[in-house]
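Novice: Chains as they are written, first to last, in our numbering: chain C, 2 to 334; chain L, 10 to 329; chain B, 2 to 310; chain Z, 738 to 1218; chain X, 39 to 343.
Handing you a structure now.
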Ligand SMILES: Nc1ncnc2c1ncn2[C@@H]1O[C@H](COP(=O)(O)OP(=O)(O)OP(=O)(O)O)[C@@H](O)[C@H]1O
Ligand SMILES: Nc1ncnc2c1ncn2[C@@H]1O[C@H](COP(=O)(O)OP(=O)(O)OP(=O)(O)O)[C@@H](O)[C@H]1O
Ligand SMILES: [Mg+2]
Ligand SMILES: [Mg+2]
């Protein structure tokens, strides 16, 4: 049984113009010790999905799901109180923005310890010891002194590591990391990623890692789900996805990034023309068809989820057909 | 190449900020940029990379005349920028900023935004200006009807195009790009990069291109300068820097870049976590506390940025 | 089959919902929809609009000359009272002047005070605040010091001291309040400007060589206008009430000008036995201030960024 | 209240200094008569002078008055009352250093001489016919030894007199507490006081006073606005009384330095006199016994000879006609300065507006107004005068037309008449001169005298209280029912 | 923290100096003091005498410096009106104004903050709207009207509480309500906005993600940050209450500083007016200083900046 099992998850947000379907029926599952990466363009619903899992959706958001189970517990019917027993203890989250995710008014020690004191009922001393241990594990020197510092006294990289330590305080079974490195520069990013990978292997924690940096995905993920306009349009083990992307959007993404050694410097890059459809109201048919080089009239029908090789699915009418030649680069549109 | 003056030349440029000063108190001084010298020849793209907070944006602001340097000079086409007025400068140097959301006034129509430079410089009649705007929107690949919209009604990629159109309408020689794509996702980024390259070819523009994304820098630039704590630590052609980096910081930087190659894992760059405090930089070589190769001399002496090998590449390291 | 050109394919297959950025509804209809979709705002707008109309057309609406006195017929109660009469619907005051007419004419004075004071103090405060916020550093230090000094002065006392020396009059009250009430504008515009100052569009304008006035007036001001409108409505209410307070202490607008504040102040003597004398202008004042507040809140909501796109 | 034998009375202002010579407030006068005695008593009903601290007096000549003092009277601190006290008090108050507030109360005295322990002699600066009136009013006697010991400052904190009540506590801003002087001399024309304790409370806000009277925190208030007073009449536990007072409301004109001022035209001043509905204001606004007046004096005052005074009746048409005659047919604009009773001022403005004079009200505090006036900046002021309850025209007309700082017109003829009246000892000469002065003042319409004021008193029905027209409530005579 | 406080103190001192100049000039330049002190009956010579007695004939700068010199040792001279020193007067009246202001502020804070929090939590429900109505009513009602209405209802009609005076705690209830209500709306609205903003903040989500209980999230994490501006405002409001209590003091015949100042103004008792203006300004300055320090304690970012 997977640790987390999601079937037909939907998140709707009422907005001025109608209802915004931020997440439009997605399925996925995560096993213990597994690292699942969620990728996709900005605004495709990645953060909404993770917040839905944590039960931290915005006030007005509405969530429905055929199944939303964490270790056999049905999350859709869980009371807020029981839910808060789970949060932080068995599933925890690392947020996108390290600069603002810590409360400026309290010391790191206070913020690190309060969760474990609440969930495990340990003493302040014990909690501090665990915090120090974890801070050292995430590579922060002089951890003991850090406990008395305030967030603003730390650099972004340090804060992000504190967030990671905080997520680990109760040894959760699942960590959801929402773009934890986009705000950081490459050297710090590399440090943090390594750390996450190590900790995960050590504790057997399952991780959902959200990013739109395909370089990062390639290096750390066990499996990848690609999202587009609120749907998972492709899902595969990492090597398979890179070797043999099944959805034109995935192919488009991969070809957009300049790959040193492959893309000649100064040459034109591939780009996906057009813009993401509005998620307000219903989207009929394939959401990608207006940008898709291979679009056909059939695409006006909703594409089925087609299975490719082992554990590799793509939501495209033509996923199982041979990959057509890449389209000519576009000129300025 | 040495005859005609370079499009942009920085001579010993420095900028320090005063921190925490007030009416009654002198603050500490923070050297955001120290003694930076660079030449960007006409028609070339110069990349500028470095850790966040190392002074890249400050440098860009000085080139744009948004802050005055504490020391040193900027020469545009061989003429000093100091003393030149902002309006005159605007005809030569234009920026493209990082954030396509905050760089456009949300309360103005696209046509007003793009036409503003012409209006400020009193170029043409209203009708001529409108024509120029339409033309420029074509150049950056925006539909004409965008002219009547507000920035809030455009996507990030489209907004960044508006910003580019505004920068280009005066036909500047030099465009300063400060992380122009870091807020965009890869597919939009590709569109913008393509556009920048096209424009360079079409108009012979000179770019200073600041970015964190090494893959993008490598794709786009002719030469690269690497900054660390306000100073340039290495400078050379793309091939020199990406092919054979000589400064340990450049090496660490390149090693940290993650290419989309599954299975390679995340490399260990072994650089410690201590981001130095820019208001109290380490003695000697500023990088020594984090440098795997540091020795006593690094603590005492600051290495000079020199063209050691005579291959037109400069590096500031005792062991290069 | 797999080689259809992208242009054709999108033309032929894109559903209506997949088009480009949806064209927004025309600005005006959107504005009206939001105006009237927002109940508080609609109420505020209607009431304030009504008050403006009353102020403009007071001479046409008023049943009597508001200055005409008839001391033999003083203190006539309003029509719903046993001794009331339809001749003076809201009764007469202590000099036998028609309350309704005075109330209608009083709209002029109270609205003028509110508007002009808000305008004067708005100009002073916004100028100071924007300059402090935009330039920062020493300019900010100096202006902040001015603001603090102003905040430290007990306004009511100073206003009283000054107006008791000069003898109140409409102009004095307006000038005095205008010169004293700019603090909130300054504080608010300073902090909002600080946020806007570092917006890249301001940098962009500077790199284009736009003049300082242009930047402050055309780039900065429109973007802080939202907060300023709210402060403005607050200050309007504040000024109207402060005038009432000054009048209460005998130092406000001078009779026979019928300001609402003055009417309330005069009515105070009759609170115990003829409560309507104070209640009528009091309720008018209350409704107007309420409406101005609703208007301000509504405008703030209207101006609030509803997400980036 | 009755239960604790304490009468709490409230008013809006407090004397700046409890010493009667060092304040000029009505509240101070009330306290003065409670805690101190004067040499002579004027019977408020008969207006006859009766013995008080002095048992006898006679004029030695025009400028010398000899008095015989009462024996056996002691001050509240036990100090016996004798000629030294009288000599000290009056020689002290005429000193410039004594900082007496109302100089004209005392500046007719040159010195006082002790003859023996029970006899003193007043030497006057000149003939002063109103001397007895003053001696029975604002001139109480201080204890010489005590005063010299504590000085003015100490005295104002712990005042001592011979009066029916002893002041026990003075709290600036709050009020004054008094207890009955059980050793009060038996032959006093006031008689033994009835109520055990008095408390004077300063309550500046009119409506607060009313509220506190209604809640029983206060037993007696006065100067209740007519409207409120009439409504309070209906309340079972309250008694409302009213009576005319010596206070006179008037409009003064000042065209002295303004050649082109409309007010320099006699017709204009007359027009204003005709335009104001005195009767209407007295009947509808002031009420409580108020009546229209046409001369700058209160009718009961000695010398208020109004038989030849022009009575400007309320006649707007005539006023308009006069204005037209003066060349102001289209009206003109004018300021009216005022410091109290804004509604009266407003009513006048309404009346003037009715004949085409557009008037702006300039309302300010009375010191500010005075300063403006003395600076010659006021064209027209609505003011009042209470004559310090002195029943003599010299305390009114002469103040404003006798050539002093507040004589805007400086009419030498009027000044001459008034001077003669003020200094003559022959009552008929005095009357004749005052008559002429008043006649000329009214003919020239230098002023527009308006009406006498009234006062409404409201107090708990448990109290026996009699009001007098001299605006001096006599709590020493009051008693519980 | 040390330098922060020292800097704040320096600013405070210069503000106080400025106010002293302003309040001094305000009254001295606006008319002839001697005439107004001398009173209605004075002759020209008496006025001259007073001018000399009170030192009003000397250059204004000297007069100011003397006055300031005195003020530094809390010697504000003698009242022109009362026979006592200004300090005595102020010391007498201060307790009443402070009690009233303190009570009113306590009342305002204890209503405004919980109500603001509630309105934010129940945003857009009837609770929120009711709170808004409550706030607007408070803003729209002239305080004297409200004060008198309270008197009519609670003192005259119901006879629950005394209408005026300052003899016991009962006397302060109505005025504190009247004065406090005036300050409540702004603080309540600010708390509400602050809470709404803070509740959207990332660190609140972090706190919830840690599984903390709702109470702990709201009161520990949200409120502490949301009330930072409220603390600053509360200090301003208290300053305003001290200076603006004239009306309430007059309605309830409380004999406080406001009343003193108002009486002094109408009597042209300039030493008192000047001293009260300066004292109230000093109060304000000290209070904002304290509020700043309190904020620094609440918000460590300020402390170490
Ligand atoms: N509070 C909100 N109210 C209304 N719409 C929202 C809200 N938050 C997010 N959305 C919309 O929901 C959609 C999904 O947002 P989400 O944050 O999940 O995207 P994302 O994939 O995480 O993007 P990014 O990479 O930029 O973080 C977007 O279209 C966004 O505009
Ligand atoms: N106005 C300012 N006042 C004081 N210090 C400043 C100011 N602007 C920048 N700095 C400091 O100067 C240094 C350089 O800043 P700069 O913005 O140039 O860095 P950057 O290299 O552009 O970083 P990033 O990659 O994050 O944009 C930083 O330490 C920054 O904190
Ligand atoms: Mg996201
Ligand atoms: Mg930067």
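Each residue gets a CB set at the ideal place from its N, CA and C atoms; glycine is no exception.
Since we're looking at a predicted model, the values are computed, not measured.
1. For residue 1068(Z), which residues of its own chain have a beta-carbon under 8 Å away from its beta-carbon, when the five flanking residues on both sides are left out?
2. Can you round the beta-carbon distance between residue 187(C) and residue 162(C) to whole angstroms, since I take them to be within the 8 Å contact cut?
3. Our contact map puts residue 274(X) next to residue 333(X) with C-beta atoms below 8 Å; I'd like the distance itself, whole angstroms only.
4. Could you spell out the range, first to last residue, of the beta strand (DSSP E) harbouring residue 103(L)?
5. Quick one, which residues of the segment 2 to 19 of chain C are near chain X if we go by CB-CB under 7 Å, in chain order?
6. For the beta strand (DSSP E) holding residue 1186(Z), just list the boundary residues, first then last.
7. Assuming residue 285(X) contacts residue 246(B) under a Cβ cut-off of 8 Å, what Cβ separation, rounded to an integer in Å, is found between them?
8. Can you check whether the CB of residue 43(C) is closer than 8 Å to the CB of residue 213(C)?
9. On the DSSP bridge assignment, give the partners of residue 794(Z) in chain order.
10. Anything with a beta carbon under 5 Å from a heavy atom of ligand 2 counts; list them all in chain order.
11. Using only the heavy atoms of ligand 1, determine whether one of them is closer than 7 Å to the beta carbon of residue 59(C).
12. Are there 16 or more other CB atoms within 10 angstroms of the CB of residue 784(Z), so buried, or fewer, so exposed?
13. What do you reckon, are the CB atoms on residue 1205(Z) and residue 956(Z) nearer than 8 Å?
14. Is residue 213(C) a contact residue of ligand 1, with contact defined as CB to any heavy atom under 7 Å?
15. What does the alpha-carbon distance come out to for the pair residue 56(X) and residue 874(Z)?
16. Can you find a heavy atom of ligand 1 that lies under 7 Å from the Cβ of residue 280(C)?
17. From the DSSP output, read off the bridge partner residues of residue 851(Z).
18. Decide if residue 71(C) is buried, meaning its Cβ has at least 16 other Cβ atoms within 10 Å, or exposed.
19. Determine, using beta carbons only, whether residue 102(C) and residue 241(X) come nearer to each other than 8 Å.
20. Can you say whether residue 315(L) is buried or exposed, counting buried as having 16 or more other CB atoms within 10 angstroms of its CB?
21. Anyone know if the C-beta pair for residue 69(L) and residue 119(L) falls short of 8 Å?
22. Are there 16 or more other CB atoms within 10 angstroms of the CB of residue 2(C), so buried, or fewer, so exposed?
23. Hey, which unbroken runs of the alpha helix (DSSP H) at 4 residues or more fall wholly within the segment 163 to 246 of chain C?
24. Residue 69(C): which of 60(C), 50(C), 273(C) and 122(C) sits nearest, CA to CA?
25. Please determine, among 814(Z), 942(Z) and 806(Z), the residue with the shortest C-alpha to C-alpha distance to residue 1223(Z).
26. If distances are taken between C-alpha atoms only, which option among 854(Z), 952(Z), 1160(Z) and 762(Z) comes closest to residue 191(X)?
27. Taking C-alpha atoms, which residue in 782(Z), 1119(Z), 746(Z) and 877(Z) lies nearest to residue 829(Z)?
28. When the distance is taken between beta carbons, is residue 75(L) closer than 8 Å to residue 20(L)?
29. Does the CB of residue 131(X) have a neighbour CB from chain Z at under 8 Å?
30. Give me whichever residues DSSP pairs with residue 904(Z) in a beta bridge.
31. For residue 51(X), which of 277(B), 147(B) and 129(B) has the nearest alpha-carbon?
32. Closest by CA to residue 205(B), which one among 113(L), 133(L) and 309(L)?
Specialist: On the basis of the data shown:
1. The beta carbon of residue 1068(Z) sits closer than 8 Å to those of 1060, 1092, 1093, 1094 and 1095, all from its chain and outside the five residues before and after it, given in chain order.
2. Incorrect: roughly 16 Å between the Cβ atoms, too far for contact.
3. That belief does not hold up - the Cβ atoms of residue 274(X) and residue 333(X) are roughly 13 Å apart, past 8 Å.
4. Residue range 102 to 105 is occupied by the beta strand (DSSP E) that includes residue 103(L).
5. For the segment 2 to 19 of chain C, no residue has a beta-carbon sitting nearer than 7 Å to a beta-carbon of chain X.
6. Where residue 1186(Z) is concerned, the enclosing beta strand (DSSP E) stretches over 1184 to 1197.
7. Indeed they touch by this definition, with Cβ atoms about 6 Å apart.
8. Yes, the Cβ-Cβ distance between residue 213(C) and residue 43(C) is below 8 Å.
9. Under DSSP, residue 794(Z) shares a beta bridge with 804(Z).
10. Any residue whose Cβ sits closer than 5 Å to a heavy atom of ligand 2 makes the list: 26(L), 41(L), 61(L), 62(L), 63(L), 64(L), 65(L), 66(L), 67(L) and 287(L).
11. For ligand 1, at least one heavy atom lies less than 7 Å from the Cβ of residue 59(C).
12. Residue 784(Z) comes out exposed.
13. Not in contact: residue 1205(Z) and residue 956(Z) (Cβ atoms no closer than 8 Å).
14. Under cutoff, so the answer is yes.
15. C-alpha of residue 56(X) to C-alpha of residue 874(Z): approximately 50 Å in a straight line.
16. For ligand 1, at least one heavy atom lies less than 7 Å from the Cβ of residue 280(C).
17. Note: residue 851(Z) sits in a beta bridge opposite 857(Z).
18. With 16 or more other Cβ atoms within 10 Å, it is buried.
19. Taking 8 Å as the Cβ cut-off, residue 102(C) and residue 241(X) qualify as a contacting pair.
20. Counting Cβ neighbours within 10 Å, residue 315(L) comes out exposed, since fewer than 16 surround it.
21. When the beta-carbon positions are compared, residue 69(L) and residue 119(L) stay at least 8 Å from each other.
22. That one is exposed.
23. DSSP runs (the alpha helix (DSSP H)) wholly in the segment 163 to 246 of chain C: 187 to 204, 215 to 221 and 239 to 244.
24. Per the Cα distances, 50(C).
25. Given a span of 738 to 1218 for chain Z in the structure shown, any question on residue 1223(Z) remains unanswerable.
26. Comparing Cα positions, the closest option is 952(Z).
27. Out of 782(Z), 1119(Z), 746(Z) and 877(Z), 877(Z) has the C-alpha closest to the C-alpha of residue 829(Z).
28. No, these two residues do not count as a Cβ contact at 8 Å.
29. Interface residue, yes.
30. 915(Z).
31. Measuring from the Cα of residue 51(X), the nearest candidate turns out to be 147(B).
32. Comparing Cα-Cα distances from residue 205(B) to each of 113(L), 133(L) and 309(L), the minimum goes to 113(L).
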